[in-house]
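One structure is given here, and the rest of the page talks about it.
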Amino acid sequence: DIARLRARDVHAFLVGEAFLRAADPGAKLTELFGT
7 DIARLRARDV HAFLVGEAFL RAADPGAKLT ELFGT
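Numbering of the sequence shown is given in this note's numbering, commencing with residue 7 and proceeding in unit increments.
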């Protein structure tokens with residue numbers, strides 16, 4: 007989903023719930039943004 011939004015020049019996202027539910031927030035960050 008993030009990749010699709012970035013491809014359309016959207017650069018701000020609400021991802022708080024994804025991090026709250028993740029066992030490893032750092033790994034989730036990498037998964038979502040590839041950095």
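Just so you know, even glycine gets a beta-carbon here, dropped at the ideal spot from N, CA and C.
- In the structure shown, the three-state DSSP call for Phe19 is coil.
- Taken atom to atom, the span from the alpha-carbon of Leu20 to that of Ala28 is near 15 Å.
- In the three-state reduction of the DSSP assignment, Ala33 falls in the helix class.
- For Ala13, the enclosing alpha helix (DSSP H) stretches over residues Ile8 to Ala13.
- By the CB criterion at 8 Å, Phe25 and Pro31 fall inside the cutoff.
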